[in-house]
Amino acid sequence: MKVNIVDWHGVATWHWKLASNDGKAGYVDELCGICRVPFDGTCPNCKFPGDDCPLVLGRGCIHNFHVHCILKWLEQEASKGLCPMCRQVFVHDPEDNPHSEEFEYLQQLEDGHRLLREKGETTYEE
Amino acid sequence: MIPLSNEIIKSILPTPTLSNHAYGQYSDIENDLQLLLNWLDPCFPIELPRQEQPQQGNNGGAFEIPTPRVKSAIRSCLKDEPSQFDFVKLYCNSMTSNFALYAPQMLQNLPVMETVNNIYTIQEYYSRYLRYLNLNSLASSLFSRHLKSLFYKYLIPDENSPAFLRSLTEYFNENLFSMDKNTELSKCISILQESGLELEVSSSIVSISIERVKSYILRTCSNIWDKPVLQHINQWMQVELYKYFSIIIKPFSSTTALLHLDDLIRIAHNELVSLRISEIFDIVLNFPTSKVALKELYQCISFLSPISGSGVNGPISNTPITSQTHQRQKLVNKFIEKCHAKLLHSGADTIDIITCYSSTIKSFLIIDPKGVLLDKVVRPIRRYLKTRSDIIPKVVYGLLNDDISSNKLIELAQELKKKPTFINNNNAGEDLDINWVPDPIDALPDFKKGKVSDIIESIISIFDSKSVFVNEFTRLFGEELLSLSNYYFDEIVQKSELLKVRFGENEFTTLDIMLSDITKSKTINETVYQTKVPPNSHLVYHPKILSHMYWPMLDKGVSTEEFNLPTSIQEQFTSYSELYADIPFGHGRYLKMVPSLGLAKLELEIQNETFYFEVCPGEAAIIDLFNGDGNDIQLTLDDICSKTGMTVYLATKYIQPWVKRNVLLEIETNSYKPNTSNHEIKSNSNFSEDSKNMMSSEHHKFARMDKLWPLILGMLTNLGPLSITKIQSFLNITIPKDQLESISSSNLTLKEYLDWCEKEKKLQLQQGLYRLWK
Numbered sequence: 001m002k003v004n005i006v007d008w009h010g011v012a013t014w015h016w017k018l019a020s021n022d023g024k025a026g027y028v029d030e031l032c033g034i035c036r037v038p039f040d041g042t043c044p045n046c047k048f049p050g051d052d053c054p055l056v057l058g059r060g061c062i063h064n065f066h067v068h069c070i071l072k073w074l075e076q077e078a079s080k081g082l083c084p085m086c087r088q089v090f091v092h093d094p095e096d097n098p099h100s101e102e103f104e105y106l107q108q109l110e111d112g113h114r115l116l117r118e119k120g121e122t123t124y125e126e
Numbered sequence: 001m002i003p004l005s006n007e008i009i010k011s012i013l014p015t016p017t018l019s020n021h022a023y024g025q026y027s028d029i030e031n032d033l034q035l036l037l038n039w040l041d042p043c044f045p046i047e048l049p050r051q052e053q054p055q056q057g058n059n060g061g062a063f064e065i066p067t068p069r070v071k072s073a074i075r076s077c078l079k080d081e082p083s084q085f086d087f088v089k090l091y092c093n094s095m096t097s098n099f100a101l102y103a104p105q106m107l108q109n110l111p112v113m114e115t116v117n118n119i120y121t122i123q124e125y126y127s128r129y130l131r132y133l134n135l136n137s138l139a140s141s142l143f144s145r146h147l148k149s150l151f152y153k154y155l156i157p158d159e160n161s162p163a164f165l166r167s168l169t170e171y172f173n174e175n176l177f178s179m180d181k182n183t184e185l186s187k188c189i190s191i192l193q194e195s196g197l198e199l200e201v202s203s204s205i206v207s208i209s210i211e212r213v214k215s216y217i218l219r220t221c222s223n224i225w226d227k228p229v230l231q232h233i234n235q236w237m238q239v240e241l242y243k244y245f246s247i248i249i250k251p252f253s254s255t256t257a258l259l260h261l262d263d264l265i266r267i268a269h270n271e272l273v274s275l276r277i278s279e280i281f282d283i284v285l286n287f288p289t290s291k292v293a294l295k296e297l298y299q300c301i302s303f304l305s306p307i308s309g310s311g312v313n314g315p316i317s318n319t320p321i322t323s324q325t326h327q328r329q330k331l332v333n334k335f336i337e338k339c340h341a342k343l344l345h346s347g348a349d350t351i352d353i354i355t356c357y358s359s360t361i362k363s364f365l366i367i368d369p370k371g372v373l374l375d376k377v378v379r380p381i382r383r384y385l386k387t388r389s390d391i392i393p394k395v396v397y398g399l400l401n402d403d404i405s406s407n408k409l410i411e412l413a414q415e416l417k418k419k420p421t422f423i424n425n426n427n428a429g430e431d432l433d434i435n436w437v438p439d440p441i442d443a444l445p446d447f448k449k450g451k452v453s454d455i456i457e458s459i460i461s462i463f464d465s466k467s468v469f470v471n472e473f474t475r476l477f478g479e480e481l482l483s484l485s486n487y488y489f490d491e492i493v494q495k496s497e498l499l500k501v502r503f504g505e506n507e508f509t510t511l512d513i514m515l516s517d518i519t520k521s522k523t524i525n526e527t528v529y530q531t532k533v534p535p536n537s538h539l540v541y542h543p544k545i546l547s548h549m550y551w552p553m554l555d556k557g558v559s560t561e562e563f564n565l566p567t568s569i570q571e572q573f574t575s576y577s578e579l580y581a582d583i584p585f586g587h588g589r590y591l592k593m594v595p596s597l598g599l600a601k602l603e604l605e606i607q608n609e610t611f612y613f614e615v616c617p618g619e620a621a622i623i624d625l626f627n628g629d630g631n632d633i634q635l636t637l638d639d640i641c642s643k644t645g646m647t648v649y650l651a652t653k654y655i656q657p658w659v660k661r662n663v664l665l666e667i668e669t670n671s672y673k674p675n676t677s678n679h680e681i682k683s684n685s686n687f688s689e690d691s692k693n694m695m696s697s698e699h700h701k702f703a704r705m706d707k708l709w710p711l712i713l714g715m716l717t718n719l720g721p722l723s724i725t726k727i728q729s730f731l732n733i734t735i736p737k738d739q740l741e742s743i744s745s746s747n748l749t750l751k752e753y754l755d756w757c758e759k760e761k762k763l764q765l766q767q768g769l770y771r772l773w774k
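First to last, the sequence lines map onto chains A and B. Take full-length UniProt numbering: the final residue in the first sequence is number 126, and no numbers are missing along the way. Take full-length UniProt numbering: the final residue in the second sequence is number 774, and no numbers are missing along the way.
Written out as structure tokens, the structure reads:
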């Protein structure tokens, strides 16, 4: 008997590759640290998961967030451009992310905070 | 001491009568008086033979035409008013005493007609005398009143046991509506009426007529719901009943007791309503056919029914006409009572209750378009439906399935396609509605018309939250989406749009995500195949890529089965995942395979013949193990398990279908080998039947029912062959109700299961009795 597979409609699920999934750190949180919703879900303001509500991977730290969540955080002056989880300076990993308005805006915010920090440091030195 | 009473006084001082004046002195006046008295004597027509016709009452010497001498005596005796009055009083007194003597035998305990004739004789007798007495109007009316009161006294001596009235009613009952006794009747009626019995006569006629109407309506209208009857009744009243009526009634026309045709018709309508109230439950059950009856009921019961207000006069107001409000209440109560008795108990099928519910809504909207009655009657049904555990799957199935033959609630599916008559917009308050009208006067406090008048809305609102339905929809749609063999789901989109209108846009977030997953999968698949896959490679893997958090079925049931797919597919998946990570859609993401879900299309080459199969992945994984040029591959169950990584249960489950299709042969227990001959191989091109809901085989379909098998086996061993009804009732006794429901909730009847057992050669069906296969 010969079995010939003509067509196979399989089912698969997609998952975000999280920062340090590659084993740099042991434990990776499954939930967004800000909205406490799993990464594979959406931030509270979005309807469709995936492309419409992408993920930001931290480069400085191992923390990941929904892009909309971290934008809201960084928009606040009080955030000082730090990661809300570990208080390191938050820098996202540009390699892993597509170029879109959201990420440009994220870059702007990060840059703004960096400038503010540098300014603060210079005034302190003086 | 003897109490002073009328009788004692009378015994001492007898009432003066004419005879007291009989033998006085012979003056002129006395002489005149004597002549008059002689002429009047005996003051009662006793000599008249009863059998004779009263018209010929002149013979027998009772009445003689007064001689001129008598006439002059009358003139001289009754020349002025006071003497006339005195005379009439005395005359009446002698009449009274004569009545006391003779009336009982003339008027009591005789057949009606004889009594009536005697009354006539007496009347006639007095009226002849009266004619010559030339009394003035006051005196003569005094006389006739007295006469009437005497008749009344002797005809109806006792208010509580009116023997005469009873026999009169009987007599009317027999003869009222036959043409042949017409003259006799109308004469009888006019005589009785003359004798002061108008009220009694007319009320008895009216009650007889009402009886007639009642029996006519009962005879012609009960259980006739599909033809208009109102018009017939009206016609019958006019042509049949009123014809006699008008003849009989003619002599009445001067009196107040005139029976109007309008009133009769109103009585008839009331009777019809009473009849319909008693039938209401069955009328509702027969809904589309009973539409006509419902419309007529509406005509009779609505407050606007066009009946003139002439019912104030006479006997009609005494008849028990129930007011419309009362009847509406009675209708509601009767229906609810019947519902409880016949429908709202555990013996009734949920589908029947839902069907009845929807026809209740439609029927009662006809009876009462305002929806007040409906609001009242559906409350108990709604309360009961809420307790039914299987209502949600049944309703959802009914809403989504368009197949008339298999969907018993096809009505719901049809209803879904209509525009909703009611959209629940709570945010626009009632105060702002410019067309606001107050609720109907008899509505309950929380009455809301739209909530009950739209069938789907009405069913949905049984539950406080819509999410129970939405979850069920999502589950069903999800299964349907996963069983697609392509990426096209227009039908599902269409249905979900219809549902969104009813349930609200926001309820279907999960479903929207599921649909968008499939759409994206399609795009991804196209992108992958167009840009990444070299055209000459033989990739057959087309995945559906799901957002795993939004597919409720991903964590349970079939989807959790783990096993290895055929190596080629496994490899293709790996390369597909790599390609996926490369395209923009897959950026930053990776894929995980759900091996057990999906659909495989296979071609089996057996003895140079190709067979085409559409199977689930598990089955495909099994049969792929037997792929080889030679026909000598033979695998045991253990081999299969170790190669595919399946559990024994899974492996058996997926081997069975192949054995049934005769593709694999079980050469010895738990050892299989491919069939070498290509006869008897059943190709399943109609995939839908076999593995629609991923429950791929028939065997699986009945897996739940298999719990019943030991019971049936025991039953048939111990009791011998049984009919299906016996089996059913035994099962009902032995299994707790909720468990039985959960076993048989998958739309399968016991019949189907038994038939399947028969096909499986477990049972034999002989003359309607199931017996064990020997």
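Where a beta carbon is used, it is the ideal one built from N, C-alpha and C, also for glycine.
So what does DSSP say about residue i, is it helix, strand or coil?
i: B/Asn318; result: A caution first: B/Asn318 carries a pLDDT of 39, below 50, which makes its placement in the model unreliable, though a value can still be read off. In this structure, B/Asn318 counts as helix in the three-state DSSP scheme.
i: A/Pro38; result: strand
i: A/Ile5; result: strand
i: B/Gln329; result: helix
i: B/Gln766; result: strand
i: B/Trp225; result: coil
i: B/Lys187; result: helix
i: B/Phe463; result: coil
i: B/Ser723; result: strand
i: B/Asn693; result: Note that B/Asn693 scores a pLDDT of 37, beneath 50, so its modelled location is shaky and nothing firm can be said.
i: B/Ser72; result: helix
i: A/His63; result: coil
i: B/His146; result: helix
i: B/Arg771; result: strand
List the DSSP bridge partners of residue i.
i: A/Gly10; result: B/Gly598
i: B/Ile606; result: B/Glu609
i: B/Thr636; result: B/Ser671
i: B/Met593; result: A/Ala12
i: B/Ser547; result: A/Trp14
Residues in the same chain with beta-carbon distance under 7 Å from residue i, minus the five sequence neighbours each way, listed in chain order, please.
i: B/Thr510; result: Thr474 and Tyr550
i: B/Gly478; result: Met514, Trp551, Pro552 and Met553
i: B/Tyr541; result: Ile569, Gln572, Phe573 and Tyr576
Using a Cβ-Cβ cut-off of 6 Å (strictly less than) and excluding sequence neighbours within five positions of residue i, which residues of its own chain qualify?
i: B/Leu546; result: Asp517
i: B/Cys188; result: Val116
i: A/Leu55; result: Trp16, Phe39 and Asn64
i: B/Ser671; result: Thr636
Give the single residue among the options whose Cα lies nearest to the Cα of residue i.
i: B/Tyr397; options: B/Lys330, B/Ile441 and B/Lys495; result: B/Lys495
i: B/Ser467; options: B/Tyr132, B/Pro438, B/Asn223 and B/Leu499; result: B/Leu499
i: B/Glu200; options: B/Lys362, B/Ile622, B/Phe151 and B/Asp490; result: B/Phe151
i: B/Ile459; options: B/Leu331, B/Pro440 and B/Leu409; result: B/Leu409
i: B/Ile224; options: B/Ala268, B/Ile283, B/Ser190 and B/Leu197; result: B/Ile283
i: B/Ser203; options: B/Gln299, B/Glu609, B/Phe172 and B/Pro438; result: B/Phe172
i: B/Cys356; options: B/Arg219, B/Gln34, B/Phe281 and B/Lys334; result: B/Phe281
i: B/Pro657; options: B/Val615, B/Pro440 and B/Gly628; result: B/Val615
To which residues of the same chain is residue i closer than 8 Å at the C-beta, ignoring the five residues directly before and after it?
i: B/Pro674; result: Ile606, Phe626, Asn631, Ile633, Val663, Leu664 and Leu665
Name the chain E residues that come within less than 8 Å of residue i, Cβ to Cβ?
i: B/Gly504; result: Looking at the structure shown, chain E is missing, and the protein chains on hand are A and B.
Regarding residue i and the ligand NAP, is the C-beta to nearest heavy atom distance less than 7 Å?
i: A/Gly58; result: Here there are no bound small molecules, and the ligand NAP is not part of this structure.
(message) I want to know whether the segment 82-90 of chain B touches the segment 128-141 of chain B - three or more CB-CB distances under 8 Å.
(response) yes
(request) Please confirm if the segment 33-46 of chain A is in contact with the segment 648-657 of chain B, defined as three or more CB-CB distances below 8 Å between the two stretches. (result) no
(message) For the structure I just gave you, are there three or more beta carbon pairs, one from the segment 331-348 of chain B and one from the segment 372-390 of chain B, closer than 8 Å?
(response) yes
(message) So, does the segment 364-374 of chain B touch the segment 383-402 of chain B, judging by three or more C-beta pairs under 8 Å?
(response) no
(request) Determine, using beta-carbon pairs with one atom in the segment 610-621 of chain B and one in the segment 581-593 of chain B, whether at least three such pairs fall under 8 Å. (result) no
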